[in-house]
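Asker: Handing you this structure, nothing more for now.
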Amino acid sequence: MADEIGRQRTEVSVPATTGAGFGDPGPLGLAGFAATTFFLSVINTNMLGASVQAIVFGLAFFYGGIAQLAAGLWEFAKGNTFGAVAFCSYGAFWLSFWWMLTHLPANAKPNDLLHGVGLYLLCWAIFTAYMTVAASRTTGAIFVVFVLLTLTYIALVIGFFSESVADFEANSNAWIHVGGWIGILTAIAAWYASFAGVTNSTFKRVVAPVFPR
């Protein structure tokens, strides 16, 4: 009985790489995350004006949100708890981001709104930090994504809590710009991990190493 329980726990805890009727959903989830993160991070660096931020909403809803959520559900079906929690959560992040910025309370004070966004980002910084601990047992490519994403959130949290209305209108907060640059690196790392997953699967050999840990 003890051996059977141990076997079942092992099957649940070890991410599955293949499954009956399922391809690997990881590259899809990573690609959706990377594209949306890249777009918003470019805006956060102030390379593009904040007036174009609304363009990300469709990307956030469909690719960063729905596509990642679907990838997470497929990961649950495959028995990959880490991938399922990560993709479902970040899919929900982008859906909630879309909702938050399209339903801002009209009567809220500007500083309260900025600090509210900071608190929202703090929640995700905490989540990403403990997921980084779990990511250390996946692959080097995924681990780098989570380390960079944690740093991105931390920089943005500091930026929004120190943000003033004048800074916001001038798009001049240095911490938010730093978060944007780290976010771009995060997106590049996620794109690489996605590329590796889909290319290695297509070529049936290791074309792009992911550095298993």
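All residue numbers for the sequence shown refer to the working numbering, where the first residue is 126 and numbers rise by one. The beta-carbon is built from N, C-alpha and C at its ideal position, and this holds for glycine as well. Predicted, not measured: the structure shown is a model, and the values here were computed from it.
1. Hey, is Leu-229's beta-carbon within less than 8 Å of any beta-carbon in chain D?
2. Can you tell which of Tyr-245, Gly-190, Ser-326 has its C-alpha closest to the C-alpha of Ala-217?
3. So what does DSSP say about Pro-152, is it helix, strand or coil?
4. If you follow the alpha helix (DSSP H) that Glu-294 is part of, which residue opens it and which one closes it?
5. Nearest-angstrom Cα distance between Ser-221 and Phe-201?
6. Since Leu-198 is in the alpha helix (DSSP H), which residue starts that stretch and which ends it?
7. Please report the Cβ distance between Phe-271 and Met-256, rounded to the nearest whole angstrom; I am assuming they are in contact, meaning their Cβ atoms lie under 8 Å.
8. Measure the Cβ-Cβ separation of Phe-155 and Ser-319 and say whether it is below 8 Å.
9. Return the chain-ordered list of same chain residues with a C-beta closer than 7 Å to the C-beta of Leu-153, the five sequence neighbours on each side being excluded.
10. Would Lys-234 be called buried (16 or more neighbouring beta carbons within 10 Å of its own) or exposed?
11. List the DSSP bridge partners of Thr-264.
12. What span of residues does the alpha helix (DSSP H) with Ile-307 cover, start to end?
13. Quick one: Cα of Ile-313 to Cα of Trp-224, how far?
14. Would you tell me roughly how many angstroms separate the C-alpha atoms of Leu-281 and Asp-149, rounded to the nearest one?
15. Between the beta-carbon of Ala-259 and the beta-carbon of Tyr-317, is there less than 8 Å?
16. Does the separation of the CB atoms of Gly-305 and Asn-169 fall below 8 Å?
Answerer: Considering the structure as presented:
1. This model lacks chain D altogether, as it is built from one protein chain only.
2. Gly-190
3. helix
4. 290-295
5. Rounded to whole angstroms, Ser-221 to Phe-201 spans 21 Å at the Cα level.
6. 193-203
7. 6 Å
8. Before going on, a small fix: residue 155 reads as Leu here, not Phe. Yes. Within cutoff.
9. Ala-192, Ala-196
10. exposed
11. Paired residue(s): Pro-337.
12. It spans 299-328 - the alpha helix (DSSP H) in which Ile-307 sits, taken as one unbroken run.
13. 26 Å
14. Distance between the alpha carbons of Leu-281 and Asp-149: 32 Å.
15. No, these two residues do not count as a Cβ contact at 8 Å.
16. yes
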